[in-house]
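Worksheet: the structure to be examined is printed underneath.
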Amino acid sequence: MYFKYFYVSGIIGLILVFVVQVINFIKKVAIQGGLLDGDAYQGVFNTGLMAIPIIFFCISFVFLMLYVYKDLKIQ
Numbered sequence: 001m002y003f004k005y006f007y008v009s010g011i012i013g014l015i016l017v018f019v020v021q022v023i024n025f026i027k028k029v030a031i032q033g034g035l036l037d038g039d040a041y042q043g044v045f046n047t048g049l050m051a052i053p054i055i056f057f058c059i060s061f062v063f064l065m066l067y068v069y070k071d072l073k074i075q
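In terms of full-length UniProt numbering, the sequence shown opens at residue 1 and continues consecutively.
This is the structure:
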C-alpha cells in the first residue's frame with residue numbers, strides 16, 4: 001500500500017519537474033525572441049514553481065520509508 005503511494009507521488013513529482021522545465025524553456029524562447037523582457041539564463045531553482053515537485057519528492061520519500069520499515073520489530 002505504501003509502495004503504491006511512493007510510486008504515485010514520485011511519478012507526479014517527475015511530471016511536475018517536466019512541466020516546470022517546459023515552462024522555463026518556453027519563457028526562454030520568448031525572451032530570446034523579443035516577446036518578453038528579462039534574463040533568459042536563470043537558474044533552475046530561481047522559479048517559484050520548483051518547490052512543488054520537491055514537496056512531492058519529499059512525500060514520496062516518506063512513503064518509501066514507511067514501506068521499508070513497515071515490518072520492523074520494535075523491542
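For each residue, glycine too, the CB sits at the ideal point set by N, CA and C.
Item                                                                                                                       : Value
Among I52, K70, V62 and C58, which has the Cα closest to the Cα of V17?                                                    : I52
Terminal residues of the continuous alpha helix (DSSP H) containing M50?                                                   : Here M50 belongs to no alpha helix (DSSP H), and DSSP marks it neither H nor E.
Just how far apart, CA to CA, sit V8 and S60?                                                                              : 8 angstroms
Does K4 come out as helix, strand or coil in the three-state DSSP assignment?                                              : helix
Looking at the structure shown, is G38 part of a helix, part of a strand, or coil, going by DSSP?                          : coil
Are Y67 and F6 close, meaning C-beta to C-beta below 8 angstroms?                                                          : yes
My assumption, with CB atoms under 8 angstroms, is that V20 sits in contact with L49. Please give the rounded CB distance. : 5 angstroms
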